[in-house]
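The sequence shown maps to residues -24 to -1, 1 to 306 in mature numbering (1 follows the signal peptide of the UniProt record, and there is no 0). Presented below is the structure to which this report refers.
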Amino acid sequence: MPVFQGILLLLTAAAIFVPAVCTADEPTAIASDRFRQARDHTFQSFDAQSERNWRGTYFFLQLADTQYGMLTGNMGSEKEAALSQQAVEHINRLRPRYVIVCGDLTNATPKHARYDAQVSQYKQDFSAIDEDIPLVCVCGNHDIGNRPTPDSITIYNQNFGDDYFSFWVGGAFNIVLNSSVLKDPSGAPNVLTAQHEWLDLQLAAARKAEAKHIFVFQHHPLFLNQPDEADQYFNIPLVRRTPLVKKLQMEDVRAVFAGHYHRNSHGQAGTLEMITTGPVGKPLGNDASGFRIVTVHEDHIRHQYYGLDDVPQSVDLQPIPQVTQPTAND
Ligand SMILES: [Zn+2]
């Protein structure tokens, strides 16, 4: 066979074969995409059976509001990229069990012209996290809009997987909620209804499986300081907040972790801790850009926020040693 005919045959075969390969590869690509591990309302990276068991103290990192583009009004996101890259260096050195980013990954909302560029930059920077450290993403009001709709949620789902899901890690049951539909359900009332029904099933399953802890992660704080504080931009309206807080308290949820406030804040509803964490991106208060280290012990948790310039070299999982007072003979 003349050489050029052979090449022609090969090219023809390749043209027929390549599209079939691409289609077959698509599910594999999604399965291995670390940003789309939230599927079927669980997080695929964690083994649902083995992670139910307590295997000793561990820690995770809670980040919030990377919000690429906020510092420049969407003109660029170099500053947020630099802050996130600094956070990723800490993550790879500390080696947490997992990292969770509690929303407002980007400043632009899905319909904004800069949205795709900001999502790409976010994914580029956070892809540098070591592959064996799972990265859990949570949707915020910038990720799906202040008045989320089925369309805006679908765009988020295509980029980052499910907007609400649950997963086990080392005996703790973790529930991620879409808090933007709690804040304003008017554009997607069915999503809020479905999430409520799903949440009830999750809490019942966690109780039945005797979870050591139940944690909830979302973007909006339920409240900043007091469970009955007045409605304002940064909390969930009382009409939906009060019954949810009551439900989480009844089910013995240990803590709710949130962001959105761009500052740290802490409140308590009985034994339920409401922990609001400052931003990786632009701070709106005195706390510098940073993240929270959360240590999960068998019967309690410890957590501390660190500015990016003050993060410790390592995390000590040992209980804090008791300080003994010196005696006269010392
Ligand atoms: Zn927000």
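Virtual Cβ for every residue (Gly too), placed ideally from N, Cα, C.
Spatial neighbours of residue i in its chain, beta-carbon cut-off 6 Å, leaving aside the 5 residues before and after
i: histidine 273; result: Thr33
i: aspartate 80; result: Asp41, Gln43, Gly116, His118
i: alanine 264; result: Gly283
i: proline 288; result: none
i: leucine 168; result: Val157, Pro161
i: lysine 55; result: Leu47
i: glycine 163; result: Arg123, Pro124, Thr125
i: proline 165; result: none
i: glycine -19; result: With a pLDDT of 48 at glycine -19, under the threshold of 50, the predicted position of this residue should be treated as unreliable, though the coordinate-derived value follows. Within the same chain, glycine -19 has no close Cβ partners at all.
Cut-off 7 Å between Cβ atoms - residues of its own chain near residue i, not counting five sequence neighbours on either side
i: asparagine 83; result: Gln43, Tyr44, Gly45, Met46, Asn50, Gln94, His118
i: glutamine 202; result: Gly243
i: leucine 260; result: His238, Arg239
i: valine 114; result: Ile76, Val77, Cys78, Gly79, Val152, Phe193, Gln194, His195
i: tyrosine 98; result: Thr42, Tyr44, Leu81, Thr82
i: lysine 188; result: Trp30, Gly147, Ala148, Glu274
i: valine 64; result: Asp101, Phe102, Ala104, Ile105
i: serine 21; result: Gln13, Pro110
i: aspartate 207; result: Pro213, Leu214
From the options, residue whose alpha carbon lies closest to that of residue i
i: glutamine 61; options: Trp144, Gln100, Arg123; result: Gln100
i: glycine 116; options: Phe233, Arg28, Ala148, Glu173; result: Phe233
i: leucine 111; options: Thr125, Tyr74, Cys78; result: Tyr74
i: alanine 245; options: Asp286, Cys113, Val229, Gly52; result: Val229
i: glycine 147; options: Gln280, Phe191, Pro255, Glu173; result: Phe191
i: aspartate 106; options: Tyr132, Ile76, Val114, Asn68; result: Asn68
i: isoleucine 269; options: Asp286, Pro259, Asn262, Gln25; result: Asp286
i: serine 103; options: Cys78, Ala57, Arg90; result: Ala57
i: alanine 24; options: Ala185, Gly52, Ala164; result: Ala185
i: valine 291; options: Ser53, Lys55, Arg71; result: Arg71
i: lysine 223; options: His172, Tyr132, Leu168; result: His172
i: tyrosine 91; options: Glu205, Ala187, Gly52; result: Gly52
i: glutamine 225; options: Asn262, Gln208, Asp176, His236; result: Asp176
i: histidine 66; options: Gln208, Glu27, Ile109, Arg28; result: Ile109
i: tyrosine 132; options: Pro165, Ala170, Ser96, Trp144; result: Ser96
i: arginine 28; options: Ala164, Ala170, Ala181; result: Ala181
i: serine 26; options: Asn166, Val145, Gly235; result: Val145
Expected contact under 8 Å - CB spacing of residue i and residue j to nearest Å
i: arginine 183; j: glutamate 227; result: 6 Å
i: asparagine 150; j: phenylalanine 11; result: Wrong, their Cβ atoms sit about 18 Å apart, outside the cutoff.
i: tyrosine 281; j: glycine 257; result: No, tyrosine 281 and glycine 257 are not in contact; Cβ-Cβ is about 15 Å, not under 8 Å.
i: histidine 279; j: isoleucine 251; result: 6 Å
i: phenylalanine 267; j: glutamine 38; result: 6 Å
Same chain, Cβ closer than 8 Å to residue i, neighbours up to 5 away in sequence not counted
i: isoleucine 212; result: Ser155, Leu158, Lys159, His196, Pro197, Leu198, Phe199, Leu220
i: tryptophan 174; result: His17, Tyr140
i: threonine 271; result: Thr33, Tyr34, Phe35, Ile277, Arg278, His279, Val291, Leu293
i: glutamine 178; result: Ser142, Phe149, Ile151
i: aspartate 204; result: Leu214, Thr218
i: threonine 247; result: Gln225, Asp228, Arg230
i: alanine 304; result: Residue placement at alanine 304 is poorly supported in this model, since its pLDDT is 47, which falls under 50; the coordinates still yield a value, given next. Hits under 8 Å: none found.
i: leucine 59; result: Thr42, Val256, Gly257, Ser265, Leu284
i: asparagine 262; result: Arg239
i: phenylalanine -21; result: Low per-residue confidence applies at phenylalanine -21: pLDDT is 46, beneath 50, and the placement is therefore not dependable enough to give any value.
i: valine -4; result: The predicted model places valine -4 with a pLDDT of 44, which falls under 50 and marks its position as unreliable; any figure quoted below should be read in that light. Excluding sequence neighbours, valine -4 sits near nothing in its chain.
- Query: Given 8 Å as the limit, is there contact between the stretch 195 to 212 and the stretch 233 to 245, that is, 3 or more CB pairs closer than that?
  - Reply: yes
- Between the stretch 206 to 221 and the stretch 4 to 21, do three or more beta carbon pairs fall short of 8 Å? no
- Query: Do the stretch 120 to 131 and the stretch 18 to 33 make contact, defined as three or more Cβ pairs closer than 8 Å?
  - Reply: no
- Message: Three Cβ pairs or more, each shorter than 8 Å: is that satisfied between the stretch 134 to 150 and the stretch 8 to 24?
- Response: yes
- Report yes or no: do the stretch 84 to 91 and the stretch 125 to 133 share at least 3 C-beta pairs separated by less than 8 Å? yes
- Task: Please go through the stretch 86 to 121 and give each complete alpha helix (DSSP H) segment of 4 or more residues, from N-terminal end onward.
- Result: 91 to 102, 117 to 120
- Segments assigned alpha helix (DSSP H), at least 4 residues, entirely inside the stretch 140 to 204: 156 to 159, 165 to 184
- Message: What ranges does the beta strand (DSSP E) occupy inside the stretch 206 to 236, keeping only unbroken runs of at least 3 residues that lie completely in it?
- Response: 231 to 234
- alpha helix (DSSP H) segments (min. 4 residues) lying fully within the stretch 27 to 75: 54 to 70
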